[in-house]
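This report refers to the structure that appears directly beneath it.
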Amino acid sequence: MGAGQSRSESDEKVFQNETPISFSQDVVNQLSDRLESHETSPERQSTLDALIRSRIQSELEHLKQEEEKVRQEIESALEKENLDRERSGAEDSAEGGSGRIPSSTELMGDLEEIRSKVDRYQARRDLREFPEVKSTGEAVVSCYQNHPTTPLDCWREVNAFKESVAQVEQSATPIGAPDESFDAVEYDDLMLASEYRWIFP
């Protein structure tokens, strides 16, 4: 093993070049031009930067347009789906189905109608005939305002209010008795709404 390595080391021969190697000026110029071409000048760099910025900007604009297009398609699809639901709900109600989903405009109309009935009822109801009910009701409201974090402290005022209302209800003419313009269902609805008005003024 060792003999093979020593033999290859002794076989090395070195030749000395007696004439120097020289390159033509064209080859030297070409190599130097290649070296300089890798270094970009500031003017060229700013031009490249501007070109890259413009391409990025155009791509962003394109993406924004695509996003807007997709958003509009989604909105139109949702709108169409809502209209289809309303139409199918209307068809179901026309066929006698009970699964009708009212539209938001119908619900707002119903809500306004109920509000107007409650307001008419509240305006018609006059507590001046029953000063005890009015004073105990005001005491309850005042207590709730004075004790916003501990409303259970107002139990005395609430009991006094309940007693005064019970006394009035036992009298011959109850508070806000219905007249001919209200039917029994409307009266019950308005009484329920007025109770909530006392709780949440």
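Residue numbers (full-length UniProt numbering): 1 to 201. Note that the Cβ used here is the ideal one computed from N, Cα and C, for glycine as well.
With the rule of 3 Cβ pairs closer than 8 Å, the stretch 132–139 does not count as touching the stretch 104–124.
Residue state for Q25 is assigned as helix, using DSSP reduced to three classes.
Using a Cβ distance threshold of 9 Å, V140 and E163 do not count as a contacting pair.
For N159, the three-state secondary structure derived from DSSP is helix.
Distance between P151 and V165, taken at the CA atoms: about 20 Å. For T19, no alpha helix (DSSP H) segment is defined, and its DSSP state is neither H nor E. Annotation: the continuous alpha helix (DSSP H) that includes P131 extends over P131 to N146. Rounded to the nearest angstrom, the gap between the Cα atoms of D49 and S41 is 12 Å. S22 and R44 have their C-alpha atoms spaced approximately 34 Å apart. Distances from the CA of E138 to each of S76, F161, Q30 and V70 were compared; the closest alpha carbon is that of F161.
Spanning the alpha carbons of Q72 and H62 requires a straight line of approximately 15 Å.
DSSP places E12 in the coil class of the three-state scheme, outside both helix and strand. Assignment of S103 by DSSP, reduced to helix, strand and coil, places it in the coil class.
Each residue's CA atom was taken as its position, placing N159 and V168 some 14 Å apart.
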